[in-house]
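Below you'll find the structure, written out as structure tokens, and then a few comments.
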Amino acid sequence: MLDIKFIRDNKDVVIAGAKKKHIKVDIDRLLQVDDKRRALQVSIDEKRAEQNNASVAIAGAKDGAEKQGLISRMQNVKETLRLEEESMQEIMKEWRDLMLQVPNVPDMTVSEGESDADNKEVRRWPDPSGSSRAESREVEDGGLPKFDFPTRSHTELLLMHDMADYERGAKVAGFRGYFLKNDGARLVWALERFVIERFVNREGFIPAIVPSLVRREPFIGTGYLPQSEDDLYKTQDGDYLAGTAEVATMGYYMDEVLDKKDLPIKFFSFSPCFRREAGSHGKDTKGIFRIHEFLKYEQVVLCEASHEESVKHHEDLTKNSEELLKELKLPYRVVINCGADLGLGQVKKYDIEVWMPSEGKYRETHSSSYFHDFQTRRLNIRYRDGETLRYVHSLNNTALAVPRIVTQIVENYQNKDGSITVPEVLRNYVGKEKIGKSN
RNA sequence: GGAGGGGUGCUCCGAAUGGUAAGGAACUAGUCUUGAAAACUAGCGCCCGAAAGGGCUUGUGGGUUCGAGUCCCACCCCCUCCGCCA
1 MLDIKFIRDN
11 KDVVIAGAKK
21 KHIKVDIDRL
31 LQVDDKRRAL
41 QVSIDEKRAE
51 QNNASVAIAG
61 AKDGAEKQGL
71 ISRMQNVKET
81 LRLEEESMQE
91 IMKEWRDLML
101 QVPNVPDMTV
111 SEGESDADNK
121 EVRRWPDPSG
131 SSRAESREVE
141 DGGLPKFDFP
151 TRSHTELLLM
161 HDMADYERGA
171 KVAGFRGYFL
181 KNDGARLVWA
191 LERFVIERFV
201 NREGFIPAIV
211 PSLVRREPFI
221 GTGYLPQSED
231 DLYKTQDGDY
241 LAGTAEVATM
251 GYYMDEVLDK
261 KDLPIKFFSF
271 SPCFRREAGS
281 HGKDTKGIFR
291 IHEFLKYEQV
301 VLCEASHEES
311 VKHHEDLTKN
321 SEELLKELKL
331 PYRVVINCGA
341 DLGLGQVKKY
351 DIEVWMPSEG
361 KYRETHSSSY
371 FHDFQTRRLN
381 IRYRDGETLR
391 YVHSLNNTAL
401 AVPRIVTQIV
411 ENYQNKDGSI
421 TVPEVLRNYV
431 GKEKIGKSN
């Protein structure tokens with residue numbers, strides 16, 4: 001949510017921002033409603049002031065007749081006040097609905113674009129010039145892994161080594177259901193142990209296991225509701241299943257006032273994640289790239305209300321994830337998302353995408369965003385800065401999501417005979433160097 | 001699911017015969033001090049307003065009333081016990 005004062009003073013900026021994000025919202029209507037709201041508020045305040053004054057007079061009136069006179073006059077005021085308060089309720093309902101729809105203004109560096117196809121690459125690893133080849137696996141020009149045989153898809157490789165069972169997954173859990181078995185399960189657990197080891201004792205990060213089953217408020221606060229109701233699973237109690245640990249983690253300090261000296265606060269949060277994937281029918285229907293249920297380790301940061309702080313932490317969070325990919329020796333690139341690929345609250349977002357040989361393109365594994373005070377204004381998370389209270393800034397980025405990244409690991413590490421080399425950093429956890437024959 | 005108890009100002013403690021949230025603590029700034037503590041002064045939630053000023057705020061939403069922290073209804077959350085349970 002933006003500050004209504006900011007919207008009033010920067011109407012054109014807000015309208016341009018919404019347009020860049022391809023989000024439809026009627027700012028003129030909002031400002032009209034806001035004018036009505038403010039005018040009515042003044043009128044209501046005046047009547048309440050009269051009521052407050054009369055109240056004192058009534059309480060102090062000695063003469064019974066004088067008292068009755070005041071009371072009957074206030075009965076009239078009460079009726080007018082009641083009518084004005086009723087229209088105020090209607091106005092506020094529309095005001096709130098509109099306010100929740102106003103998107104945050106994207107950063108200047110965010111480009112125009114129609115879809116994720118317009119995202120711009122900012123860097124690639126291994127570096128196409130070859131300077132980082134030494135630390136990566138064998139690559140060809142462009143920094144991509146070299147295969148002198150036809151590659152298999154992750155769907156096929158996982159089936160081949162009995163690492164996954166999609167048919168029984170669908171039988172038991174429905175469309176996009178899956179079982180991971182044997183080295184499939186081992187690989188996921190290995191990845192979890194790997195990322196936990198990298199983060200759980202890392203300076204400054206609070207390791208946290210957070211709820212997936214979450215009340216409506218934190219979803220409104222983080223900006224997932226009311227817009228994305230269709231993407232969420234809802235329970236009969238009116239709670240929702242979170243698609244990311246960000247929701248519960250951001251809810252942690254909801255309605256609280258933090259101390260400036262405690263900032264930044266960084267979380268390394270784990271939770272199971274659930275996504276309905278409404279609207280993506282027909283996309284990635286094979287394998288385990290796009291599924292309804294997965295596990296995610298998320299970095300969440302609350303920092304001081306300064307753009308520079310936000311930018312600094314945004315770059316840090318992005319680098320943290322890149323380090324993990326480098327250790328796994330997975331070829332990746334970082335893209336800056338265009339306007340249309342930004343969520344309601346995001347100022348700027350980098351996606352990290354790992355090379356998918358079977359598709360001949362990079363596919364998203366991490367998503368790193370900052371929001372300024374958009375989320376914290378909705379969640380009411382402030383900090384005391386001397387005499388004033390400010391809304392903190394918030395950011396988040398994936399640390400690791402499983403099993404998605406397993407798809408890119410098995411594809412990039414496949415050998416001609418179909419066997420899969422286990423990434424060095426995972427070998428101790430998986431307990432072997434190679435998955436498949438001749439082991 | 002059942003029974004009982006509870007929720008007061010950014011935070012903590014805590015008062016208020018239906019008459020419009022007392023008082024503390026903490027925190028911030030200042031005075032004093034070599035420095036600190038103490039003491040003292042002011043500030044210390046939100047909205048409208050250039051300001052003066054006004055309004056709102058006792059878990060949430062309704063209702064009764066000229067007037068609700070207080071009375072009534074519904075809901076939320078916390079605590080204790082019972083039941084069920086990995």
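Position 294 of the first sequence, counted from 1, bears residue number 294 in the UniProt record's numbering, the numbering being contiguous throughout. We put the beta carbon where it would ideally sit given N, CA and C, even for glycine.
Beta bridge pairing from DSSP links residue 125 with 332.
The DSSP assignment places complete beta strand (DSSP E) segments of no fewer than 3 residues inside the region 347 to 404 at 348 to 356, 361 to 370, 382 to 385, 388 to 391, 393 to 402, in order along the chain. Taking a contact as a CB-CB distance under 8 Å, the pair residue 298 and residue 222 does not count as one, their CB atoms being some 12 Å apart. The region 375 to 387 makes no contact with the region 322 to 338; the number of CB pairs closer than 8 Å stays below 3. Here the alpha carbons of residue 217 and residue 381 stand approximately 13 Å from one another. Residue 273 and residue 369 do not touch by the CB rule: their CB atoms are close to 16 Å apart, not below 8 Å. DSSP places residue 100 inside the alpha helix (DSSP H), whose first and last residues are 64 to 101. Rounded to whole angstroms, the separation of the alpha carbons of residue 24 and residue 308 is 29 Å. Separation of the CB atoms of residue 305 and residue 267 is rounded to 18 Å, and the pair is thereby denied contact status at 8 Å. The Cβ atoms of residue 85 and residue 44 lie closer than 8 Å to each other. Cβ-Cβ distances below 8 Å link residue 332 to 124, 125, 322, 325, 352, 353, 354, 355, 362, 365 in the same chain, with the five nearest sequence neighbours on each side left out; the list follows chain order.
Looking only at 411, 434, 426, the smallest Cα-Cα distance to residue 156 is reached by 411. DSSP places residue 419 outside both helix and strand once states are collapsed to three, so it counts as coil.
Secondary structure at residue 18: helix, using DSSP grouped into helix, strand and coil. Excluding its 5 nearest sequence neighbours in each direction, residue 116 has C-beta neighbours in its own chain below 6 Å: 341, listed in chain order.
The beta carbon of residue 416 sits closer than 8 Å to the beta carbons of 148, 149 from its chain, once the five residues preceding and following it are set aside; these are given in chain order. In the three-state DSSP reduction, residue 61 falls in the coil class, being neither helix nor strand. Following the DSSP letters along the chain, one finds residue 220 inside the alpha helix (DSSP H) bounded by residues 216 to 222.
Residue 63 has its alpha-carbon roughly 59 Å from the corresponding atom of residue 103.
Residue pairing of residue 299 in beta bridges, as defined by DSSP: 268, 397. Taking 8 Å as the cut-off, the Cβ atoms of residue 199 and residue 426 do not count as close. Residue 205 sits buried, since 16 or more C-beta atoms from the chains shown fall within 10 Å of its C-beta.
Below 8 Å, enough C-beta pairs join the region 275 to 295 and the region 155 to 171 to call them touching: three or more. Around the Cβ of residue 226, a 10 Å sphere holds fewer than 16 other Cβ atoms; the residue is exposed. Counted as a single uninterrupted DSSP element, the alpha helix (DSSP H) harbouring residue 7 occupies residues 4 to 9. In the three-state scheme derived from DSSP, where H, G and I count as helix and E and B as strand, residue 234 is classed as strand.
Excluding its 5 nearest sequence neighbours in each direction, residue 107 has C-beta neighbours in its own chain below 6 Å: 347, 348, listed in chain order.
DSSP places residue 26 outside both helix and strand once states are collapsed to three, so it counts as coil. For residue 183, there is no enclosing beta strand (DSSP E); the residue is part of the alpha helix (DSSP H) that begins and ends at 182 to 199. Boundaries of the alpha helix (DSSP H) harbouring residue 245: 245 to 251, taken from the DSSP string. Annotated three-state conformation of residue 263 is coil, per DSSP. In this chain, the beta strand (DSSP E) harbouring residue 208 covers 205 to 209.
Taken through DSSP and simplified to helix, strand or coil, residue 35 comes out as helix.
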